[in-house]
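One structure below.
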Amino acid sequence: MFKTINAVQIHVSLDEIEPEIWRRLVLPSGWNLGQLHLAIQAAFNWWNYHLHEFQIGGLRYGDVELLTQDADEDDPRVFDCREVRLCDFAHGAVFNYVYDFGDNWRHTVMIEEFVALDVAPKHGTCIDGARARPPEDVGGVPGYERFLEIMSDKTDPEHADTRRWCGGYFDPEWFDLAVVDKDVRNALRPNVKRRLHQPKPKRNEPTAA
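The opening position of the sequence shown corresponds to residue 0 in numbering that gives the first Met the number 0, with each subsequent residue numbered one higher.
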């Protein structure tokens with residue numbers, strides 16, 4: 000007896016940063032790109048207040064109205080992200096997701112596997128991942144590299160202000176599967192709130208600059 004495909008496993012990683020920052024998600028296969036956008040936002044705890052788009056096969060997908068407000072006639076056409084579902088992709092498909100056109104956080108998305116779960120999922124889950132994403136508005140990859148330098152050098156004149164700006168603590172190696180999975184499960188909830196800063200370690204855990 001054949002089971003119906005009802006879920007898809009995807010791998011999402013941030014480009015141009017080493018070691019890799021990544022998440023592995025299992026999502027309902029009927030979700031569209033708009034819902035995938037919310038799942039990625041939740042998985043990385045992005046705050047979802049910047050523009051975003053998917054780049055697939057040389058085409059752009061996103062919120063048509065927002066992405067065409069200031070567009071020129073020569074700009075590529077934008078397609079509605081709600082018209083493409085995850086089940087429309089082939090196994091092994093790879094495409095890009097860009098968040099915040101200023102900081103230009105490029106993510107590579109890979110369709111790893113289509114799954115037939117016993118019970119069709121109603122929400123997404125995170126099953127694996129590694130490392131913390133950079134702070135919002137840090138200035139892209141170059142800004143993040145400078146941020147890490149400042150945070151690791153207490154003698155840097157910008158250290159105190161930068162530490163306060165990021166909430167007093169930042170560990171680039173942080174990843175808590177339980178926390179991230181909860182975020183992804185709630186990805187589609189309306190008015191969901193994001194953490195402003197990375198969770199601080201418990202008292203018995205080592206701290207990082």
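The beta-carbon is built from N, C-alpha and C at its ideal position, and this holds for glycine as well.
Let's see if you can read the secondary structure: which residues bound the alpha helix (DSSP H) around D180?
Per DSSP, D180 belongs to the alpha helix (DSSP H) from 176–184.
By how many angstroms is the C-alpha of P171 removed from the C-alpha of W45?
The alpha-carbon atoms of W45 and P171 are separated by roughly 15 Å.
Taking Cβ to Cβ, would you say G123 is nearer than 8 Å to R59?
No, the Cβ-Cβ distance between G123 and R59 is not below 8 Å.
Quick check: the region 100–113 against the region 159–175, are at least 3 beta-carbon pairs closer than 8 Å?
No, the region 159–175 is not in contact with the region 100–113.
Tell me, to the nearest whole angstrom, how far the beta carbon of Y96 is from that of F53; I am working on the premise that it is less than 8 Å.
Confirmed, about 5 Å.
So which of E19, A129, E64 has the shortest CA-CA distance to D180?
The shortest Cα separation from D180 among E19, A129, E64 belongs to A129.
Please determine, among E17, G33, V11, the residue with the shortest C-alpha to C-alpha distance to E24.
Sequence check: residue 24 is Leu here, not Glu. Taking only the C-alpha atoms, the option nearest L24 is V11.
For A131, which option in D69, K199, D74, S28 has the closest C-alpha, if you only look at C-alpha atoms?
Taking only the C-alpha atoms, the option nearest A131 is K199.
Classify Q34: buried if its beta carbon has 16 or more other beta carbons within 10 angstroms, exposed otherwise.
With 16 or more Cβ atoms within 10 Å of its Cβ, Q34 is classed as buried.
Do you know whose CA, among C80, K2, L26, lies nearest V63's CA?
Nearest of C80, K2, L26 to V63, Cα basis: C80.
Which of helix, strand or coil does DSSP assign to Q34?
DSSP places Q34 in helix when its eight states are reduced to three.
Is H166 near R84, with beta carbons less than 8 Å apart?
The question names His, but residue 166 is Gly in the sequence shown. Going by C-beta atoms, G166 is not nearer than 8 Å to R84.
If I measure Cβ to Cβ from P75 and keep anything under 6 Å in the same chain, skipping five residues before and after, which residues do I get?
Cβ neighbours of P75 beyond the five flanking positions: R59.
Alpha carbons only, please: which of D14, P27, I20 is nearest the one belonging to V209?
The requested residue 209 does not occur in the structure, where the chain is confined to residues 0 to 208.
With G142 as the anchor, note down where its alpha helix (DSSP H) starts and where it stops.
Start and end: 139–151.
Going by DSSP, what residue range makes up the beta strand (DSSP E) through W104?
Element bounds for W104: 104–114.
CA-CA distance, W21 and E15?
So the alpha carbons of these two residues sit roughly 12 Å apart.
Hey, Y66 and L50: beta-carbon distance below 8 Å or not?
Reading the sequence as shown, one finds Leu at residue 66 and not Tyr. Their beta carbons are under 8 Å apart, which means L66 touches L50 by this criterion.
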